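Each residue of the sequence shown is one higher than the one before, counting from 1 in UniProt numbering.
We treat Cβ as the ideally placed atom computed from N, Cα and C, and that holds for glycine.
Bear in mind the structure is a predicted one, so any value in this text is a computation, not a measurement.
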Amino acid sequence: MGVVEVLDPAQPARTGGYKVDVSRGERNGRVSSEWFNRPDDERYLSLDDLWANVKGRSERSRSRVVQMADIRVEAARDNPERLHLMLPKAQEPVAPTHWAFGQLASIVGAPASYLRQLPAPLAGINLQYGLTNHRAEQVKTFETEDGRTELRAVTGPDYGRIHDHELVEAVQRIAGNGTGDTRWKVPGVLDWSTGVYNPDVEISRDTTTLYASDRDVFLFLVDDRNPIEAGKLPDGSPDLYFRGFYCWNSEVGAKTLGMASFYLRAVCQNRNLWGVEDFQEIKIRHSKYAASRFAHEAAPALTRFANSSPQSFMNGIKAARQQIVARSDEDRTDFLRKRGFSKVESGKIIEKVLMEEGHPPESIFDFVQGITRLAREKTQQDARLTLEGHAKKLLDRVG
């Protein structure tokens, strides 16, 4: 697993948790989507358990480049509804997974959904014709032995595979087991009735944010026992943030490798992220030099974020609060209209700040809060993303 370098253990959380204001900032539903769609057998209670699973799978796997024309397609002898593939120099046929079959069909230009509806012998004839006559001469296969040999991926010969366990190991170097032995852990839960975020929640199949399937891994961790105060709320109480990040990968080509870091105010029971600020994302396609980019770009970026001081973030929030851009109603309307907002949208943004903050917008921070609140009410995805983009540009001005 390599050398593990972790942060100091977290401080005990304040009894009862932390009062937060989730009406500010943005909502991010990426983790919630993962949480909602993962069955129990894809949920893990610790990074150690997750690593053991994906590492063991990797050790039972091999990748090789083969000639497409040398792949033979045959119907399974014991199941005429299923295809098997005979690869060059293989001792026995391999069974393509649903994902690998789709990849192979895509490479030869055949509609996978149509082939799956055909009897196996007929689908095999069509697939064999595509393999024999396709322009591309080679493909890279990824085979895993688990009682039987499965073909888990078929990609181009230059596919740059980053194994799932490599990403998990990069996270373990800063997060240990992900259960609270370091600052970084599976998140707690927001109590909507009180507005209090409790970081100390038992990690279970229902609460975990550590996932792995036969196609991918996804991990979300937070530093939620060490709140960051960046300004005050209208009532004078502290505006608290926590650091968080999530990352993902697919060693079979179903996803890019990526990671996102941000500050957030809370995580609810459905694993939505609330009050998100300063969202930063890195994506790496599995191209020829992907492994090198992961080693020299993505993994170090994760470590830098984990060990970095929040001072620059706090300074940015402070600067946004102090940068006054409008002192009259005319200034406010002009400020928004010059940035592409309609007269109606401008009025709504001003009204929302007045209602929530108790004063009309004056600073960059005020306008950002008003814009993000309006974005939440937009039901159309494009309109919401446009508004969130405006808010980010305003904050970038003082970043």
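Point to revise | Through-space distance from phenylalanine 294 to lysine 288, alpha-carbon basis | key: Rounded to whole angstroms, the gap between the alpha carbons of lysine 288 and phenylalanine 294 is 12 Å.
Review point. Helix, strand or coil for tryptophan 99 per DSSP?
Key: In the structure shown, tryptophan 99 adopts helical secondary structure according to DSSP, grouped into three states.
Check your understanding: Using the C-alpha atoms, what's the distance from glutamate 59 back to proline 199?
Key -> Answer to the nearest angstrom: the Cα atoms are 36 Å apart.
**Study point:** Counted within 10 angstroms of its Cβ, other Cβ atoms place tyrosine 159 as buried (16 or more) or exposed
**Key:** The residue in question, tyrosine 159, is buried, as its Cβ has 16 or more Cβ neighbours within 10 Å.
Practice item. Consult DSSP for valine 20 and reduce its assignment to one of helix, strand or coil. Key: It is coil, neither helix nor strand.
Review point. By how many angstroms is the C-alpha of phenylalanine 365 removed from the C-alpha of residue 410?
Key: Nothing in the structure corresponds to residue 410, since the chain is present only between 1 and 399.
Review point. What is the rounded straight-line gap between the Cα of valine 116 and the Cα of arginine 82?
Key: The amino acid at residue 116 is misidentified as valine; the sequence shows arginine. The straight-line gap from Cα to Cα measures roughly 9 Å.
Practice item. Can you check the region 52 to 132 for any beta strand (DSSP E) of at least 3 residues that lies completely inside it and give the ranges in chain order? Key: Here the runs fully enclosed are 61 to 67, 72 to 76, 79 to 86.
Exercise for review: For asparagine 307, name the three-state secondary structure that DSSP assigns.
Suggested key: Assigned with DSSP and collapsed to three states, asparagine 307 falls in helix.
Review point. Roughly how many angstroms separate the alpha carbons of arginine 321 and aspartate 164, rounded to a whole number?
Key: Computed Cα separation, rounded: 42 Å.
**Study point:** Three or more C-beta pairs below 8 Å linking the region 90 to 106 and the region 33 to 49
**Key:** Taking a cut-off of 8 Å for Cβ pairs, the region 90 to 106 and the region 33 to 49 do not touch, as fewer than three such pairs fall below it.
Point to revise | Contacts around arginine 332, its chain only, beta-carbon distance under 7 Å, and the 5 residues preceding and following it disregarded | key: Cβ neighbours of arginine 332 beyond the five flanking positions: Ala326, Ile350, Pro360, Pro361.
Point to revise | Same chain only: Cβ atoms within 6 Å of lysine 348, ignoring 5 sequence neighbours per side | key: Within the same chain, lysine 348 has close Cβ partners Leu374.
Exercise for review: Please work out which residues of its chain come closer than 8 Å, Cβ to Cβ, to lysine 283, disregarding the five sequence neighbours upstream and downstream, and give them in chain order.
Suggested key: The answer, listed in chain order, is Thr256, Leu257, Gly258.
Point to revise | Where the alpha helix (DSSP H) through lysine 348 begins and ends | key: Unbroken alpha helix (DSSP H) run through lysine 348: 343 to 357.
Review point. Helix, strand or coil: how does DSSP classify alanine 10 here?
Key: Residue placement at alanine 10 is flagged as unreliable, the pLDDT there being 48, under the threshold of 50; the coordinate-derived value follows with that caveat. Alanine 10 falls in the coil class under three-state DSSP.
Practice item. Could you give the DSSP three-state label for glutamate 5: helix, strand or coil? Key: Because glutamate 5 sits at a pLDDT of 39, beneath the cut-off of 50, its placement in the model cannot be relied upon, and the following sentence gives the value as read from the coordinates. Here glutamate 5 sits in coil by DSSP.
Check your understanding: If you draw a straight line from the C-alpha of leucine 122 to the C-alpha of glutamate 202, how long is it?
Key -> When rounded, the separation of the alpha-carbon atoms in leucine 122 and glutamate 202 is 52 Å.
Review point. In this structure, does DSSP put glycine 399 in helix, strand or coil?
Key: In this prediction, glycine 399 has a pLDDT of 46, which is less than 50 and means its spatial position is unreliable; nothing more can be read from the coordinates.
Check your understanding: Mapping DSSP to helix, strand and coil, what is tryptophan 35?
Key -> In the structure shown, tryptophan 35 sits in a helix (DSSP, three-state: H, G or I).
Point to revise | Euclidean distance between Cα positions of aspartate 278 and valine 54 | key: Going from the Cα of aspartate 278 to the Cα of valine 54 covers about 31 Å.
Check your understanding: Do glycine 195 and aspartate 224 have their C-beta atoms within less than 8 Å of each other?
Key -> Taking 8 Å as the Cβ cut-off, glycine 195 and aspartate 224 do not qualify as a contacting pair.
Exercise for review: Select from Arg135, Gln369, Leu85, Leu354 the residue whose C-alpha is nearest the C-alpha of glycine 109.
Suggested key: Checking every option, the nearest Cα to that of glycine 109 belongs to Arg135.
Practice item. Report the option in Arg24, Leu221, Ser61, Ile125 whose CA atom is closest to the CA atom of aspartate 181. Key: Nearest in C-alpha terms to aspartate 181, of all of Arg24, Leu221, Ser61, Ile125, is Leu221.
Check your understanding: Is leucine 264 closer than 8 Å to tryptophan 248 when the C-beta atoms are compared?
Key -> In this structure, leucine 264 does not lie closer than 8 Å to tryptophan 248 by Cβ.
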